[in-house]
Amino acid sequence: MAAKRILSGIQPTGTLHLGNYLGAIRNWVDLQQDYDSYLFMADLHAITVPHDPKTLATSTLQVAATYIACGIDPERSTIFVQSHVSAHAELAWLLNCITPLNWLERMIQFKEKGIKQGENVSIGLLDYPVLQAADILLYEPDFVPVGEDQKQHLELTRDIASRLNFQFGSEKKPVLKVPEPMIKAAGARVMSLTDGTKKMSKSDPSEFSRIDLLDPPEVITKKIKRCKSDPIKGLAFDDPERPECNNLLGLYQIFSGQTKDAVAAECADMGWGQFKPRLAEATVEALRPIQTKYHEIMADPATLTGVLLQGEQRAAAVANATLTRVKDALGYAPAFH
Ligand code: TRP
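Residues in the sequence shown are numbered from 4 upward in steps of one, following the numbering used here.
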């Protein structure tokens, strides 16, 4: 039996941080062992809010290099740039025309990001989830591993696929495969260093709220030293009154490679002044091999380009077959060649 397939992506806006790594990429590294994996840089999504044309291409390559540095194996996984496979934009158009406007107006992420954009909010931001649906449906994945914040977009993807199947397919022969979400448990989320109740995020204006995967050791140490804590001595997991404490212990657990019980015992009587240097050291050491590998990859652009070219070819073969099937179902004249 063929391996089941997964697909996921990250927008290449700004450098990736611990939340991207622990919440997404590290998970893909494990999944690629058992699943046929399609992982991409969502650069079409990256222009749904104002962007800088001078940095888009570099950011896209940097995210690809980061995937590989974190352990995504280009032989096992198909790594590609979304804008290089034109079927994404094309299927998004077709799906636009069967998606009711009020399905999009309900999207929480649109409401949140849209408010920040004010009057100038683009149609692209509203349409973002339809493009995401196209990303997914083109590859007929069995599962789409994403964070909790993407759940609504996956439900929308399922609704769009079902609607297209209902309108243009038959029960025996659905046009599109309806994918299943694979949502990470909320506890696995990495929170902001300046507010333990908020997710670590690229769009937070404070750099001290996150640790970027490429931060040098002294920056990591400084950010951890400055991060929000509380006046209580003795550190414990799972205290709802101490979200920062829980988040930092969780990070320490992961980076020190210990069990939760071992960390709980080690830190039970510790103060922050003793704990923070340990966390900083564990983080620096855990990121060191990723950073070394990243710089090696970026120093050899021809190899990276080769990976992305191969990725594009593999991805396009799958995506174009789905696109043709959808166009046929919608009644388009076949191309005359
Ligand atoms: N919207 C996703 C995010 O912000 C990124 C994304 C774009 C994506 N297309 C996708 C994720 C398709 C999974 C599948 O995290």
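Backbone N, C-alpha and C define an ideal beta-carbon position, used for all residues, glycine too. Because the structure is a prediction, the values reported are computed rather than measured.
For G12, the CB falls within less than 8 angstroms of some heavy atom of the ligand TRP. In terms of Cβ geometry, A49 and T61 do not form a close pair [threshold 9 angstroms]. Closest by C-alpha distance to A320, out of S173, L252, V88, is V88.
Sorting D33, F83, K154 by C-alpha distance to the C-alpha of V310 places F83 at the top. Boundaries of the beta strand (DSSP E) harbouring V84: 80–84, taken from the DSSP string. With a cutoff of 8 angstroms, D76 does not count as near the ligand TRP, since its C-beta is closer than that to no heavy atom of the ligand.
Beyond the five residues adjoining it in sequence on each side, T69 comes within less than 7 angstroms, by CB distance, of L19, L216, Y297 in the same chain, given in chain order.
Contact annotation, A285 with A267: C-beta distance approximately 16 angstroms; criterion of less than 8 angstroms not satisfied. In this structure, the CA atom of T262 is about 29 angstroms from the CA atom of E210. In the structure shown, I223 falls within a helical segment according to DSSP collapsed to helix, strand and coil. Counted as a single uninterrupted DSSP element, the beta strand (DSSP E) harbouring I9 occupies residues 8–13.
If you check the CB distance, I293 and Y24 come in under 9 angstroms.
Annotation: W106 to V149 spans about 20 angstroms, alpha carbon to alpha carbon. Pairwise C-beta distances place the segment 118–137 in contact with the segment 157–164, as three or more of them are shorter than 8 angstroms.
Between the segment 271–280 and the segment 237–255 there are three or more C-beta pairs closer than 8 angstroms, enough to call the two in contact.
In this model, V32 and D76 are separated by some 8 angstroms (Cα to Cα). In the structure shown, the three-state DSSP call for S212 is helix. If you check the CB distance, L179 and V329 come in under 9 angstroms. Relative to the ligand TRP, V181 has its C-beta separated by 8 angstroms or more from all heavy atoms.
Cβ-Cβ separation between L98 and L141: approximately 10 angstroms, too far for a contact (criterion under 8 angstroms). Annotation for H91: L47, Q85, L134, A137, D138, L141, A322 place their beta carbon closer than 8 angstroms to its own, counting only its chain and skipping 5 residues before and after.
DSSP places D39 inside the beta strand (DSSP E), whose first and last residues are 39–44. In the three-state DSSP reduction, K296 falls in the helix class (H, G or I).
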